[in-house]
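Engineer:
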Amino acid sequence: MKADCHIHMLLDGADWRSAIARHRDQPERDLIRRRLQAYAAAGFDYLRDGGDRWGVGAAARELAGEFGITYRTPLSPLCRAGHYGAFIGKKFENLKGYGRLVAETRQNGGDFIKIMVSGLMDFDHCGVLTEEGLPADMITQMVHIAHEEGFAVMAHANGARTVEALALAGAESVEHGAYLDEEAMQAMVQSGTVWCPTLSAIGNLLGKGRFDEMQVAAIYESAQKNIRSFVRMGGLVAPGSDAGAWAVPHVQGSLDEYEHLERTLGTDSQEVIFRGVRMIRSKF
Numbered sequence: 377m378k379a380d381c382h383i384h385m386l387l388d389g390a391d392w393r394s395a396i397a398r399h400r401d402q403p404e405r406d407l408i409r410r411r412l413q414a415y416a417a418a419g420f421d422y423l424r425d426g427g428d429r430w431g432v433g434a435a436a437r438e439l440a441g442e443f444g445i446t447y448r449t450p451l452s453p454l455c456r457a458g459h460y461g462a463f464i465g466k467k468f469e470n471l472k473g474y475g476r477l478v479a480e481t482r483q484n485g486g487d488f489i490k491i492m493v494s495g496l497m498d499f500d501h502c503g504v505l506t507e508e509g510l511p512a513d514m515i516t517q518m519v520h521i522a523h524e525e526g527f528a529v530m531a532h533a534n535g536a537r538t539v540e541a542l543a544l545a546g547a548e549s550v551e552h553g554a555y556l557d558e559e560a561m562q563a564m565v566q567s568g569t570v571w572c573p574t575l576s577a578i579g580n581l582l583g584k585g586r587f588d589e590m591q592v593a594a595i596y597e598s599a600q601k602n603i604r605s606f607v608r609m610g611g612l613v614a615p616g617s618d619a620g621a622w623a624v625p626h627v628q629g630s631l632d633e634y635e636h637l638e639r640t641l642g643t644d645s646q647e648v649i650f651r652g653v654r655m656i657r658s659k660f
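In terms of the working numbering, the sequence shown opens at residue 377 and continues consecutively.
Right, here's the structure in full:
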């Protein structure tokens, strides 16, 4: 059986605005059921959602048992006001406000905490992020507060220092993780942080013409190089496609993630994926 450790049931792989509008009044349960049925037919029995503030992931968790799927959701991702993530998550101004949202997640039955602590890759410029990460001391406190409430932490993060701060704080998983260096990867290895590199969200852009093709290829190759280095260090990697992101349709994008990892890791991919998924399932 397969797992996708990073999906967005809310989104549709094409247009995030129209996808959100479809569920704005209430989750479209028939659509969610169709997607879950398709995942099950493709051999997936574990899905971890990145969360949304409209209750789509929560509805998917409620329905997933019909299809033999274990579904985990943070309910809503948490992001600092004025920084990336506001389009999908709940905002906080400071650590006190963040703490209130963590407590709210506990009261409402969230499975874990998802935090957004950096910007995105700029797909037209390899090595560039749309926004740098939050301060390391704030990241440390965010992870600590979540752990104090008994939650594992899934962190949207790019950039070496941001990811290093998360690993040193003990975050259980890092999503995307663009442009890491040896120090960041070593910190992840030592802390047991699982890396979900969301290769489909990069590799599936190739040939689409939306971004500079040479830059996308360079970003993809950079991610592959770092994944190989990380695995050689003993790091844990899990398949997380970012399904629902542009050019990453549900189910097919999840299957693509396995292909991207196999292309990157060769004959070692199955064992690497098995170990990473086992750790995610045990923590989340």
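From the three backbone atoms N, C-alpha and C, an ideal C-beta is built for every residue, glycine too.
Bear in mind that the values here come from a model prediction, so they are computed numbers and not experimental data.
Among L575, H384 and G546, which has the Cα closest to the Cα of V432?
Structural biologist: H384
Engineer: Please state whether DSSP places D500 in a helix, a strand or coil.
Structural biologist: coil
Engineer: What do you reckon, are the CB atoms on E633 and S658 nearer than 9 Å?
Structural biologist: no
Engineer: Enumerate in chain order the residues of its own chain whose CB-to-CB distance from A662 is below 8 Å, with the five nearest sequence positions on each side excluded.
Structural biologist: Since the first residue shown for the chain is 377 and the last is 660, residue 662 is missing from the structure and cannot be characterised.
Engineer: Go through its chain and collect everything with a Cβ distance to V529's Cβ below 6 Å, but skip five positions before and after it.
Structural biologist: I489, V519, A522, A547 and E548
Engineer: Nearest CA to the CA of K466: which residue from L454, L423 and Y460?
Structural biologist: L454
Engineer: Under a Cβ-count criterion, where at least 16 other Cβ atoms within 10 Å of its own Cβ denotes burial, should L590 be classed as buried or exposed?
Structural biologist: Here residue 590 turns out to be Met, not Leu, going by the sequence shown. Burial call: exposed.
Engineer: In terms of residue numbering, what span does the beta strand (DSSP E) encompassing E507 cover?
Structural biologist: No beta strand (DSSP E) contains E507, which DSSP labels as neither H nor E.
Engineer: Measuring straight from C-alpha to C-alpha, what distance separates S452 and G427?
Structural biologist: 4 Å
Engineer: Going along the chain, which unbroken runs of the beta strand (DSSP E) with 3 or more residues stay wholly within the region 560-642?
Structural biologist: Taking 3 residues as the minimum length, the beta strand (DSSP E) runs contained wholly in the region 560-642 are 570-572, in order along the chain.
Engineer: Could you tell me which uninterrupted alpha helix (DSSP H) segments, each at least 4 residues in length, are contained entirely in the region 469-496, listed from first to last along the chain?
Structural biologist: List check, alpha helix (DSSP H) in window: 471-484.
Engineer: Starting from A541 and walking both ways along the alpha helix (DSSP H), at which residues does that stretch end?
Structural biologist: Looking at the DSSP string, the run of the alpha helix (DSSP H) that includes A541 is A536 to A545.
Engineer: For V613 and G535, I'd like the C-alpha separation in whole angstroms.
Structural biologist: 17 Å
Engineer: Relative to the C-alpha of S605, which residue among A577, D588 and L641 is closest?
Structural biologist: The option with the nearest alpha carbon to S605 is L641.
Engineer: Measuring CB to CB, does I408 end up less than 9 Å from F463?
Structural biologist: Cβ distance not < 9 Å, so I408 and F463 don't count as in contact.
Engineer: Going by DSSP, what residue range makes up the beta strand (DSSP E) through Y742?
Structural biologist: Here the chain covers residues 377 to 660 and nothing more, so residue 742 does not appear.
Engineer: Starting from S394 and walking both ways along the alpha helix (DSSP H), at which residues does that stretch end?
Structural biologist: Counting along the chain, the unbroken alpha helix (DSSP H) around S394 starts and ends at W392 to H399.
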